[in-house]
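Chemist: Here you go, one structure.
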Amino acid sequence: MKGLKFIFTGIFFGIVMAKSEAISWYRIQEMFRFQSFHMYGIIGTALVLGVIAVYLIKKLKIKDVSGQAITLQSKEMSWRKYLIGGSVFGLGWALTGSCPGPMFVNIGYGYLSMLVVVLGAVVGTYLYGILKNKLPH
Amino acid sequence: MLALLRQPWPWYTSGAAIALIMVLLLSFGKSFGFSSNLRTLCTLAGAGKRISFFDFDWRTQKWNLLFLIGSVIGGVIASTLLKNDVPLVLSQSTIDDISKLNIKFDGKMNPDQLFGLEVFSSPKGLLILLVGGLLVGFGSRYAGGCTSGHAISGLSNLQLPSLIAVIGFFIGGLIMTHFLLPLIF
Chain A
4 MKGLKFIFTG IFFGIVMAKS EAISWYRIQE MFRFQSFHMY GIIGTALVLG VIAVYLIKKL
64 KIKDVSGQAI TLQSKEMSWR KYLIGGSVFG LGWALTGSCP GPMFVNIGYG YLSMLVVVLG
124 AVVGTYLYGI LKNKLPH
Chain B
924 MLALLRQPWP WYTSGAAIAL IMVLLLSFGK SFGFSSNLRT LCTLAGAGKR ISFFDFDWRT
984 QKWNLLFLIG SVIGGVIAST LLKNDVPLVL SQSTIDDISK LNIKFDGKMN PDQLFGLEVF
1044 SSPKGLLILL VGGLLVGFGS RYAGGCTSGH AISGLSNLQL PSLIAVIGFF IGGLIMTHFL
1104 LPLIF
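Just so you know, the protein sequences line up as chains A and B, in that order.
Just so we're on the same page, this note's numbering is the position in the first sequence counted from 1, plus 3.
Just so we're on the same page, this note's numbering is the position in the second sequence counted from 1, plus 923.
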């Protein structure tokens, strides 16, 4: 089954997020209060290695499993949508201690109350779809 | 081996694993971005009939939904097979700060006070979770991505828009943590 590799990658992601406590409300509070290096270490390490990996993928023109060259889409330039949207996201991240991935990992971890957060996130996404054309981008 | 995996993982292991996940998805011809799933869930619920933003073939995102299902299973494995009973080690200054918000540090992954099952009988608690989720969902789609899409995939590709988004994540997070949480709790 072709989809199996995505399920396994997802399982790996869930274990990593939970075992490094990146799904913890407490750790996100610690991060936004600058009281521990932990979360910065996680994001920083991922970033340094990610930059190197993407550089090599481009430089060596590495292909994906289907034989096509790996291309990374450039994000369309603007500042309003990223700054305003990002700030709204940050408000919710600090309140619930979860960004979209960890919400779902937390459900698996046993926090059924996170279903309410996911419900909110789906409704929030729906509201954005309705209001999209009226918002500054 | 299992005993080693059961301990909390250090930040460098986790950071390297996240970079590996991004590379794995690229090698599968996909791009790491979790919040796109929220849009796909809207489409699956039928939102595409009324709003063009949700009118796309959800099967193009099937891989990402499988990744989502995997991440839930990963959470289950982490809390069963890889569970450890040692309390979370949180910085003392954070423990002190949140106690001023009347949130007691209980050594678990998340405070039971906010995320335990008793929240289902607390209207205020439910509202906090619902509004918090709403802000995350609205904001991530507005900004065109969340922590995975911008802070990991975007910044790894040296995208300026992603840097602006991450700065936004912190503006919002700092405002919530330092100004709004004391008003909410």
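Quick reminder that beta carbons are idealized off the backbone N, C-alpha and C, glycines included.
Computed from a prediction, not measured in an experiment: that's the story for all the values here.
#1: Are any of the Cβ atoms in chain B nearer than 9 angstroms to that of Lys135 of chain A?
#2: Answer with buried or exposed for Val76 of chain A, where buried requires no fewer than 16 other C-beta atoms within 10 angstroms of its C-beta.
#3: Check for me: the alpha helix (DSSP H) holding Asp1020 of chain B runs from which residue to which?
#4: Have a look at Gly13 of chain A and Pro1046 of chain B and give me their C-alpha separation to the nearest angstrom.
#5: May I ask you to check if the CB of Gln71 of chain A is nearer than 8 angstroms to at least one heavy atom of the ligand ZN?
#6: Can you check which of these residues, A:Phe9, A:Leu7 and A:Lys22, is closest to Pro105 of chain A by C-alpha distance?
#7: Among B:Leu949, B:Leu991, B:Asp1019 and B:Leu1004, which residue has its Cα nearest to the Cα of Gly70 of chain A?
#8: Identify each residue in the segment 985–1017 of chain B for which the Cβ-Cβ distance to at least one residue of chain A is less than 8 angstroms, and report them in chain order.
#9: Do you know how far the Cα of Met924 of chain B is from the Cα of Gly93 of chain A?
#10: Less than 9 angstroms between CB atoms is the rule here; does Lys84 of chain A satisfy it with respect to chain B?
#11: For Tyr29 of chain A, which option in A:Phe37, A:Gly100 and A:Asn136 has the closest C-alpha, if you only look at C-alpha atoms?
#12: How about Gly1055 of chain B and Val91 of chain A: do their beta carbons lie closer than 9 angstroms?
#13: For the structure I just gave you, are there three or more beta carbon pairs, one from the segment 942–962 of chain B and one from the segment 973–992 of chain B, closer than 8 angstroms?
Modeler: Working from what's here:
#1: As a working mapping, residue 135 of chain A is identified with position 132 in the first sequence. Taking Cβ atoms only, chain B reaches closer than 9 angstroms to Lys135 of chain A, which makes this a yes.
#2: Taking the first residue of the first sequence as position 1, residue 76 of chain A is located at position 73. Note that residue 76 of chain A corresponds to Gln in the displayed sequence, not to Val. Exposed, since its Cβ has fewer than 16 Cβ neighbours within 10 Å.
#3: Locating residue 1020 of chain B in the second sequence gives position 97, counting from the first residue. Asp1020 of chain B -> alpha helix (DSSP H) spans Gln1015 to Ser1022.
#4: Numbered from 1 along the first sequence, position 10 holds the residue referred to as residue 13 of chain A. Numbered from 1 along the second sequence, position 123 holds the residue referred to as residue 1046 of chain B. Using only the alpha carbons, I get a separation of about 33 angstroms.
#5: You won't find the ligand ZN in this model; it holds no ligand whatsoever.
#6: By one-based count along the first sequence, residue 105 of chain A stands at place 102. Out of A:Phe9, A:Leu7 and A:Lys22, A:Lys22 has the C-alpha closest to the C-alpha of Pro105 of chain A.
#7: Position 67 of the first sequence, counted from the start, is the residue given in the question as residue 70 of chain A. Among B:Leu949, B:Leu991, B:Asp1019 and B:Leu1004, the Cα nearest to that of Gly70 of chain A belongs to B:Leu949.
#8: Lys985, Trp986, Asn987, Leu989, Phe990, Leu991, Ile992, Gly993, Ser994, Val995, Ile996, Gly997, Gly998, Val999, Ile1000, Ala1001, Ser1002, Leu1005, Leu1011, Leu1013, Ser1014, Ser1016 and Thr1017
#9: Start at 1 with the first residue of the first sequence, and residue 93 of chain A comes out as number 90. Start at 1 with the first residue of the second sequence, and residue 924 of chain B comes out as number 1. So the alpha carbons of these two residues sit roughly 37 angstroms apart.
#10: Taking the first residue of the first sequence as 1, we reach residue 84 of chain A at position 81. So, interface residue.
#11: Numbered from 1 along the first sequence, position 26 holds the residue referred to as residue 29 of chain A. If we check each option's Cα against that of Tyr29 of chain A, A:Gly100 comes out closest.
#12: The sequence position of residue 1055 of chain B within the second sequence is 132, counting from 1. The sequence position of residue 91 of chain A within the first sequence is 88, counting from 1. Cβ distance not < 9 angstroms, so Gly1055 of chain B and Val91 of chain A don't count as in contact.
#13: yes
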